[in-house]
Structure formats: structure tokens, C-alpha cells
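Sequential numbering of the sequence shown, starting at 3, is according to the working numbering.
Don't be surprised by glycine CBs; every beta carbon is placed ideally from N, CA and C.
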Amino acid sequence: WQPRAHLASAAAYNASNWLLDSGATHHLTTDLNTLALHQPYNGGEEVMTADGTGMPITHTGSALLPTPHRSLTLNDVLYVPNVTKNLISVYKICNTNGVSVEFCPAHFQVKDLSTGVQ
Numbered sequence: 003w004q005p006r007a008h009l010a011s012a013a014a015y016n017a018s019n020w021l022l023d024s025g026a027t028h029h030l031t032t033d034l035n036t037l038a039l040h041q042p043y044n045g046g047e048e049v050m051t052a053d054g055t056g057m058p059i060t061h062t063g064s065a066l067l068p069t070p071h072r073s074l075t076l077n078d079v080l081y082v083p084n085v086t087k088n089l090i091s092v093y094k095i096c097n098t099n100g101v102s103v104e105f106c107p108a109h110f111q112v113k114d115l116s117t118g119v120q
């Protein structure tokens with residue numbers, strides 16, 4: 003088993019931006035400073051990209067993603083220096099925070115499952 007991300011991009015990144023990835027098994031960051039708490043990663047796994055390339059994981063940690071209504075917790079974020087975008091795993095953010103994600107043609111909405119607030 004390997005963490006997966008379905009990103010195929012060689013463009014420069016903006017570390018303050020996060021992208022939702024419905025195929026990602028883990029949250030990924032390319033900037034260690036985005037993690038509030040982090041520790042070195044001692045496992046041997048790599049993140050497998052859509053083209054089959056493996057990229058090493060050097061740290062794991064957690065982060066908070068501010069929203070207009072509350073901050074969402076990102077646990078088990080993998081720091082992968084070679085990744086070009088910060089990715090949010092839809093599966094993990096929904097399960098950790100009790101939210102759902104609705105994809106629309108030009109945008110997406112994150113809804114709190116207990117209150118219905120977007």
C-alpha cells in the first residue's frame with residue numbers, strides 16, 4: 003500500500019493555496035511551514051503520483067485550514083518536498099471534521115454535517 007495523489011503538474015506553487023483531491027489518500031504539503039506540529043517520517047513509503055513517479059515523504063504533521071465559520075483540521079499531513087501543490091484529501095477532511103464536499107461545475111462547497119452551514 004502506498005499513499006496516492008492524482009496530481010500531474012510541473013507548475014510553480016503558491017504554498018498558501020490548497021487544492022481538493024478526491025483521489026488522494028492523504029493530505030500533502032510542499033511547505034513544512036504549513037504544519038503547526040510536525041515530526042520526521044521514518045517509514046519507507048513514497049507518495050505515488052498519477053504517472054507512477056514515487057516521491058519521498060520526509061515529515062508528517064497537522065495543520066489548520068481556516069474557513070469563514072471554523073477552522074478545519076488536517077491530520078496526518080505528509081510533507082513531500084517535491085510535490086508542486088498542497089493537496090487536501092476529500093476523504094480525510096470529511097471524516098476528520100464531520101463535513102461533506104459538494105462539487106459543482108465551477109466551484110465546490112464544504113458543509114458541516116451537524117449544522118448544514120457552508
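So the alpha helix (DSSP H) residue i belongs to, where does it begin and stop?
i, result
"Thr51", "No alpha helix (DSSP H) contains Thr51, which DSSP labels as neither H nor E."
Can you tell me whether residue i is helix, strand or coil according to DSSP?
i, result
"Asn97", "helix"
"Ser24", "coil"
"Val103", "strand"
"Tyr15", "Residue placement at Tyr15 is flagged as unreliable, the pLDDT there being 41, under the threshold of 50; the coordinate-derived value follows with that caveat. Tyr15: coil per DSSP, three-state reduction."
Which residue marks the beginning of the beta strand (DSSP E) containing residue i, and which one marks its end?
i, result
"His40", "39-42"
"Gln111", "110-114"
"Leu34", "No beta strand (DSSP E) holds Leu34; DSSP gives it neither H nor E."
May I ask whether a heavy atom of the ligand ADP can be found less than 7 Å away from the beta carbon of residue i?
i, result
"Pro58", "No copy of the ligand ADP occurs in the structure displayed, which carries no ligand at all."
Report the rounded CA-to-CA distance for residue i versus residue j, giving the unit in angstroms.
i, j, result
"Ala108", "Tyr93", "20 Å"
"Leu80", "His29", "6 Å"
"Leu37", "Arg72", "18 Å"
"Pro68", "Leu74", "6 Å"
"Val82", "Asp33", "8 Å"
"Val103", "Asp23", "11 Å"
Task: Whole alpha helix (DSSP H) elements within the stretch 61-91, 4-residue minimum - done: Correct list: empty.
Open item on the list: Could you check whether the stretch 107-120 touches the stretch 43-50, counting it as contact only if at least three pairs of C-beta atoms, one from each stretch, sit closer than 8 Å?
Closed with: No: the two stretches stay apart, fewer than three of their Cβ pairs being nearer than 8 Å.
Task: Three or more C-beta pairs below 8 Å linking the stretch 80-88 and the stretch 99-112 - done: Segment contact: the stretch 80-88 against the stretch 99-112, fewer than three CB-CB distances shorter than 8 Å; contact not assigned.
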